[in-house]
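Student: Before anything else, here's the structure in question.
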Amino acid sequence: MKIGILKETHKGEKRVSLSPFITKQLVEKGFEVLVEKGAGTNSSYKDSDYEGYGAEIVSREAVFEAAQVLIKINPFDEQDLKLVHKRHILMSQLFHKSSPELIKAIAEKGASAFSMDAMPRISRAQDMDVLSSQNNLAGYKAVILGAYEMTKIFPLMMTAAGTITPSRVLIYGVGVAGLQAIATAKRLGAVVEATDIRLETKEQAESLGAKFISVENNTEESEGGYAKEASSDYAERQKEAVNKSLFQADLVITTANVPGKKAPLLITEDQVRHMKNGAVIIDLAANQGGNCEVSKLNETINVNGVKVIGTSVAPESVSTNASELYAKNIYNFIMHLTEDLNFKWDLEEEITNETLIVQDGIQRKN
Ligand code: NAD
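Numbering of the sequence shown is given in full-length UniProt numbering, commencing with residue 1 and proceeding in unit increments.
Below you can see the structure in the form of structure tokens.
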């Protein structure tokens with residue numbers, strides 16, 4: 001089976017869906033790997049690195065022409081679809097719930113498509129879960145970005161010229177990104193607080209050294225380990241519980257999401273106006289509408305001396321690691337879906353059933 005790796009064309013994207021090392025693992029299993037020329041350049045991988053591990057470097061057109069499986073990180077776009085044929089099996093993030101046009105267009109081509117972001121969040125799918133692998137890096141990078149934007153350092157420092165008190169970091173949302181943000185900020189010496197609507201996250205936050213801010217009478221339910229949309233009553237009580245910490249914070253990182261919904265609004269403009277001069281908010285949910293009322297995607301907004309940064313590029317900015325992890329997720333997924341180099345198409349099996357969005361031109365999911 002021939003696997004084709006396409007160079008990402010999405011503006012600002014630096015990642016690539018396969019690393020040279022994972023190429024080697026696929027080649028050892030008997031797959032043929034075709035890589036578009038220059039696909040790994042922005043992740044610090046040379047064409048010769050892929051060649052050294054057994055891949056063939058070819059033009060974009062040649063990848064579409066020869067490969068059966070086409071792999072990307074970002075959704076296939078109009079330009080890609082011009083070259084997609086009936087025999088192709090596409091693998092990328094497709095965000096099918098919010099991109100019905102794209103799914104229809106793939107189906108019209110008669111192709112098949114798996115969506116990496118539709119991976120069920122079950123234990124045996126963990127090593128194929130690209131949302132987790134990428135969000136983990138986003139949580140790390142949010143702290144580093146915050147450190148760069150702040151006018152203070154994180155740790156307590158006792159010097160002959162006086163003592164510097166540690167910075168205070170507040171994290172909203174203790175999921176994959178939030179937990180890594182807590183761990184990173186703690187390692188750098190900050191005093192860290194965190195809050196989440198899911199009660200089970202209290203122990204996880206505390207085990208990493210954060211103080212957990214509980215919201216009084218939290219009776220909000222979660223579903224399959226994921227948050228449901230918070231009631232307006234909860235949102236008000238959350239503000240009351242968190243405001244004191246928010247107004248003292250030097251860095252705030254927001255990561256809160258509810259699957260399939262717009263990101264919950266957790267910090268209003270009025271709250272931002274009460275924050276400390278020089279404080280920084282990094283809104284990792286900006287591409288889902290934002291957790292902060294004033295954040296704008298990939299922009300820095302200054303409100304009364306507080307910098308509000310809405311970013312979607314945290315994993316892209318550490319593209320070497322992000323590509324390595326995405327590639328490992330893809331490798332595990334291909335191993336799961338195939339036997340003797342052929343797709344099993346086992347629709348009774350949960351991971352296949354959830355991720356296969358289009359099969360041979362038939363749309364399976366909306
Ligand atoms: P996510 O990105 O959907 O949300 C991030 C966090 O925001 C969640 O912890 C959520 O509870 C929180 N949140 C939502 N609304 C909120 C509100 N109004 N106020 C405060 N916080 C709010 O979630 P995620 O990080 O992708 O995953 C959540 C959990 O799922 C993880 O902690 C992990 O335990 C589990 N998970 C399991 C698997 C697997 O088993 N394959 C994979 C990934 C994640």
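Yeah, the Cβ is synthetic: ideal placement off N, Cα and C, and Gly gets one too.
If you draw a straight line from the C-alpha of Ala241 to the C-alpha of Val280, how long is it?
Tutor: For the purposes of this step, residue 241 is taken as residue 241 along the sequence shown, with counting starting at 1. For the purposes of this step, residue 280 is taken as residue 280 along the sequence shown, with counting starting at 1. If you draw a straight line from the Cα of Ala241 to the Cα of Val280, it is about 20 angstroms long.
Student: Determine whether the beta carbon atoms of Asp196 and Ala256 lie at a separation below 9 angstroms.
Tutor: In the sequence shown, residue 196 corresponds to position 196, counting from 1. In the sequence shown, residue 256 corresponds to position 256, counting from 1. Yes. Within cutoff.
Student: Report the rounded CA-to-CA distance for Asn74 versus Leu94, giving the unit in angstroms.
Tutor: Reading the sequence shown from its first residue, position 74 is the one you call residue 74. Reading the sequence shown from its first residue, position 94 is the one you call residue 94. Looking at the two C-alpha atoms, the distance is approximately 7 angstroms.
Student: Looking at the structure shown, is Leu70 part of a helix, part of a strand, or coil, going by DSSP?
Tutor: Here residue 70 is taken as the residue at index 70 of the sequence shown, counted from 1. It is a strand residue.
Student: Determine the burial state of Asn366: buried for a count of at least 16 other Cβ atoms within 10 Å of its Cβ, exposed for fewer.
Tutor: On the sequence shown, residue 366 is found 366 positions in, with the first residue counted as 1. Label assigned to Asn366: exposed.
Student: For the beta strand (DSSP E) that Ser168 lies in, which residues bound it at each end?
Tutor: Residue mapping note: residue 168 aligns to position 168 of the sequence shown, counting from 1. In the sequence on display, residue 168 carries Arg and not Ser. Where Arg168 is concerned, the enclosing beta strand (DSSP E) stretches over 168-172.
Student: Please identify the residue among Asn298, Val35, Ser295 whose C-alpha is closest to the C-alpha of Ala67.
Tutor: Counting from 1 along the sequence shown, the entry for residue 67 is found at position 67. Looking at the Cα atoms, Val35 is the closest of the given residues.
Student: At 3 residues or longer, what runs of the beta strand (DSSP E) sit wholly inside the segment 46-134?
Tutor: 56-58, 69-71, 89-92, 112-115
Student: Hey, quick one: how far does the beta strand (DSSP E) through Asn302 stretch, first residue to last?
Tutor: Residue numbering aside, residue 302 sits at position 302 when the sequence shown is read from its first letter. Run containing Asn302: 299-303, per the beta strand (DSSP E) assignment.
Student: The beta strand (DSSP E) with Ala194 in it runs from where to where?
Tutor: Locating residue 194 in the sequence shown gives position 194, where the first residue counts as 1. Ala194 -> beta strand (DSSP E) spans 191-195.
Student: Cβ atoms of Gly162 and Ile182: under 9 angstroms apart, would you say?
Tutor: For this step, residue 182 is matched to residue 182 along the sequence shown. For this step, residue 162 is matched to residue 162 along the sequence shown. Not in contact: Ile182 and Gly162 (Cβ atoms no closer than 9 angstroms).
Student: Would Ala327 pass as a contact of Ser48 if the rule is Cβ separation under 9 angstroms?
Tutor: Numbered from 1 along the sequence shown, position 327 holds the residue referred to as residue 327. Numbered from 1 along the sequence shown, position 48 holds the residue referred to as residue 48. No, Cβ-Cβ distance for Ala327 and Ser48 is not below 9 angstroms.
Student: Have a look at Ser222 and Asn332 and give me their C-alpha separation to the nearest angstrom.
Tutor: Residue 222 sits at position 222 when you count from the first residue of the sequence shown. Residue 332 sits at position 332 when you count from the first residue of the sequence shown. Straight-line Cα distance between these residues: approximately 29 angstroms.
Student: Quick one: does the C-beta of Asn257 sit closer than 8 angstroms to a heavy atom of ligand 1?
Tutor: As a working note, residue 257 is residue 257 in the sequence shown. Because some heavy atom of ligand 1 lies under 8 angstroms away, the Cβ of Asn257 counts as near it: yes.
Student: Cutting at 8 angstroms between CB atoms, please list the residues of its own chain near Asp129, excluding the five before and the five after it.
Tutor: In the sequence shown, residue 129 corresponds to position 129, counting from 1. Excluding positions up to five away in sequence, the list reads Met119, Arg121, Asn329.
Student: Taking 8 angstroms as the cut-off, is the CB of Gln204 close to at least one heavy atom of ligand 1?
Tutor: As a working note, residue 204 is residue 204 in the sequence shown. Yes, since a heavy atom of ligand 1 falls inside the 8 angstroms radius drawn around the Cβ of Gln204.
Student: What did DSSP end up calling Val318 once you bin it into helix, strand or coil?
Tutor: As a first step, residue 318 must be located in the sequence shown, where it is residue number 318. Val318 carries a helical assignment under DSSP once its states are collapsed to helix, strand and coil.
Student: State the Cα-Cα distance for the pair Gly278 and Val308, rounded to the nearest angstrom.
Tutor: Taking the first residue of the sequence shown as position 1, residue 278 is located at position 278. Taking the first residue of the sequence shown as position 1, residue 308 is located at position 308. About 10 angstroms.
Student: What do you get for Arg15, buried or exposed, if any count of 16 or more other CB atoms within 10 angstroms of its CB means buried?
Tutor: As a working note, residue 15 is residue 15 in the sequence shown. Burial check for Arg15: the Cβ neighbour count within 10 Å reaches 16 or more, so the residue is buried.
Student: Give every residue of the same chain whose Cβ lies closer than 7 angstroms to the Cβ of Val303, excluding the five residues on either side of it in the sequence, and list them in chain order.
Tutor: Residue numbering aside, residue 303 sits at position 303 when the sequence shown is read from its first letter. Excluding residues within five positions, the ones whose Cβ falls inside 7 angstroms are Glu269, Val272, Arg273, Val294.
Student: Determine the direct distance from the alpha carbon of Thr338 to that of Ile71, and round the result to whole angstroms.
Tutor: Position 71 of the sequence shown, counted from the start, is the residue given in the question as residue 71. Position 338 of the sequence shown, counted from the start, is the residue given in the question as residue 338. Approximately 15 angstroms between the Cα atoms of the pair.
Student: For a quick check, are the C-beta atoms of Glu203 and Leu170 less than 9 angstroms apart?
Tutor: The count along the sequence shown starts at 1 and reaches residue 203 at position 203. The count along the sequence shown starts at 1 and reaches residue 170 at position 170. No, these two residues do not count as a Cβ contact at 9 angstroms.
Student: How many whole angstroms separate the CB atoms of Phe114 and Leu356, which I take to be in contact at a CB cut-off of 8 angstroms?
Tutor: By 1-based counting over the sequence shown, the position of residue 114 is 114. By 1-based counting over the sequence shown, the position of residue 356 is 356. Confirmed, about 6 angstroms.
Student: Should Arg198 be counted as a contact of ligand 1 given a C-beta to heavy atom distance under 8 angstroms?
Tutor: Numbered from 1 along the sequence shown, position 198 holds the residue referred to as residue 198. Yes, the Cβ of Arg198 comes within 8 angstroms of a heavy atom of ligand 1.
Student: By the DSSP assignment, the beta strand (DSSP E) with Leu265 in it spans what residues?
Tutor: Position 265 of the sequence shown, counted from the start, is the residue given in the question as residue 265. Unbroken run through Leu265: none, as it is neither H nor E.
Student: I'd like the span of the alpha helix (DSSP H) that includes Lys186, first residue to last.
Tutor: As a working mapping, residue 186 is identified with position 186 in the sequence shown. Residues 176-187.
Student: Nearest-angstrom Cα distance between Ser132 and Val176?
Tutor: Here residue 132 is taken as the residue at index 132 of the sequence shown, counted from 1. Here residue 176 is taken as the residue at index 176 of the sequence shown, counted from 1. One C-alpha to the other measures close to 6 angstroms.
Student: Looking only at its own chain, which residues have a Cβ that is under 7 angstroms from the Cβ of Pro166, when we skip the five neighbours before and after it?
Tutor: By 1-based counting over the sequence shown, the position of residue 166 is 166. Answer for Pro166: Phe154, Pro155, Leu156, Gly189, Ala190, Val191, listed in chain order.
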